[in-house]
Ligand code: ASP
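Residue numbers (this note's numbering): 1 to 432.
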């Protein structure tokens, strides 16, 4: 059996939903379907999830409400589905109370999209609210969710499940982060221990570099779980980073496929990478900051290091990289996680490290991902050559100890240029 998840563009209008039906009917194993909310139909269109976020900010905005209702009604009418679905949509949006939570409103995109798809396919609808349960740390309670799921699901059932949300222990609707329907699909794959998790989107697989930066970006036919986790964490946004581990831990293969071109094939993700090239892909993202502490022999002072890390823990700051020199300690972290606490964090760090803190903002990180860089002097020397030729000033260089990636820190202004220069340079040397 396969779990089959469809993204927003695959469910944006009736002609897309017809393609989805054809895909599902082409394979008897596609019995469990996860649906996103309807996405963009054309470039300037607005995703339903974004309309719902706008509605949440202004609950009695008649225009936004009507736009959302119209999108669903159009789907229901075009697909010639039961009119009761129209009544349900209208009733919900015309009776939203002021105190309804943001999560509940936003989840209705996936909820109604799945009801429509279930009705069109003749599949049973199972609401994620009834089984996908978040614990108090915002993580899925795996055992409880699985148990609840099997109370609703019978062997052989053909079902449609809304992605992106579940509920907390108190029963309130709770969302994954944006793009989270991928995670719903991954957990369902894990509960059911399926042979394959298919993730249908609007591109024929994972690109080895962001195609909006490099025109002839190649797609990757086969990639390992670790490589895709690194690439998606660093900004390649085909698959949500958190959707990989539930499959990786059970060795469930994931396939990224294109609803608009099913025959083109896509990217297979498994525990091995059959990719022939030395470099699998390059991705990068902005939004990092570094904090440097300078004091004689700080590097060898383990107690200070311990206390410094404790500060990051207390203020919940996500650490990305730690670099030490004899007299310096530099911690690079997600700038957003410093949030409003910067003055308090600096003060605490100055006390525990007995030094002045220098903050460096606007850092971007670029990751060159490979299956094995050990002894691959070609790749490493070319990376430095490309940086030199393109006069790219580096702020940080880190060769991961598992030999799977080299991370380069650059100024935010240089992010796109670094990615495209590295890709084109390594591609010319036939290393990608
Ligand atoms: N509809 C949600 C979003 O736009 C979740 C998803 O599509 O996976 O982020």
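A virtual CB, placed ideally from N, CA and C, is assigned to each residue, including glycine.
Locate the alpha helix (DSSP H) running through residue i, then write down its first and last residues.
i           : result
residue 142 : 142-152
residue 418 : 415-428
residue 184 : 181-192
residue 31  : It is not in any alpha helix (DSSP H) - residue 31 instead sits in the beta strand (DSSP E) that spans 30-35.
residue 18  : 14-25
residue 245 : 245-248
residue 111 : 102-121
Count the other CB atoms within 10 Å of the CB of residue i; is the residue buried (16 or more) or exposed (fewer)?
i           : result
residue 343 : exposed
residue 198 : buried
residue 58  : exposed
residue 248 : buried
residue 150 : exposed
residue 263 : exposed
residue 384 : exposed
residue 391 : exposed
residue 326 : exposed
residue 387 : buried
residue 430 : exposed
Is residue i helix, strand or coil by DSSP?
i           : result
residue 54  : helix
residue 162 : strand
residue 9   : helix
residue 234 : coil
residue 213 : coil
residue 174 : strand
residue 259 : coil
residue 222 : strand
residue 339 : helix
residue 41  : coil
residue 86  : helix
residue 70  : helix
residue 98  : coil
residue 198 : strand
residue 385 : helix
residue 65  : helix
residue 46  : coil
residue 206 : strand
residue 76  : helix
In whole angstroms, give me the CA-to-CA distance for residue i and residue j.
i           : j           : result
residue 51  : residue 64  : 7 angstroms
residue 115 : residue 233 : 31 angstroms
residue 216 : residue 75  : 35 angstroms
residue 90  : residue 11  : 20 angstroms
residue 311 : residue 347 : 10 angstroms
residue 38  : residue 14  : 10 angstroms
residue 399 : residue 321 : 11 angstroms
residue 414 : residue 185 : 36 angstroms
residue 200 : residue 359 : 42 angstroms
residue 159 : residue 122 : 9 angstroms
residue 194 : residue 393 : 47 angstroms
residue 277 : residue 147 : 43 angstroms
residue 95  : residue 85  : 16 angstroms
residue 355 : residue 296 : 10 angstroms
residue 28  : residue 257 : 17 angstroms
residue 323 : residue 329 : 6 angstroms
residue 80  : residue 120 : 9 angstroms
residue 254 : residue 21  : 20 angstroms
residue 131 : residue 144 : 8 angstroms
residue 273 : residue 223 : 5 angstroms
In the DSSP assignment, the beta strand (DSSP E) including residue i goes from what residue to what residue?
i           : result
residue 405 : 405-411
residue 399 : 396-399
residue 134 : Neither: residue 134 is in no beta strand (DSSP E) and is coded neither H nor E.
residue 329 : 328-334
residue 304 : Note, residue 304: premise wrong, no beta strand (DSSP E); alpha helix (DSSP H) at 302-314.
residue 288 : 279-294
residue 360 : 357-370
residue 268 : 267-270
residue 321 : 319-324
For residue i, which residues in the same chain have their Cβ closer than 6 angstroms to its Cβ, ignoring the five residues on either side in sequence?
i           : result
residue 231 : 281, 283, 369
residue 372 : 403
residue 409 : 363, 365, 395, 396
residue 4   : 30, 33, 198
residue 407 : 365, 367, 398
residue 183 : 176, 240, 242, 243
Compute every distance between the C-beta of residue i and the non-hydrogen atoms of the ligand ADP, then say whether any falls below 7 angstroms.
i           : result
residue 241 : Looking at this structure, you won't find the ligand ADP anywhere; what it does contain is the ligand ASP.
Between residue i and the rest of its own chain, which residues show a CB-CB distance below 7 angstroms, the 5 nearest in sequence each way excluded?
i           : result
residue 53  : 106
residue 349 : 291, 293, 308, 311, 357
residue 55  : 61, 64, 65, 68, 105
residue 92  : 108
residue 334 : 287, 288, 318, 320
Just to confirm my understanding: we take residue i, look at its own chain, exclude 5 residues before and 5 after, and list those with CB closer than 8 angstroms. What are they?
i           : result
residue 219 : 203, 204, 205, 206, 207, 208, 266, 267
residue 103 : 165, 172, 173, 174, 175
residue 1   : 29, 31, 32, 192, 194, 195
residue 136 : 168, 169
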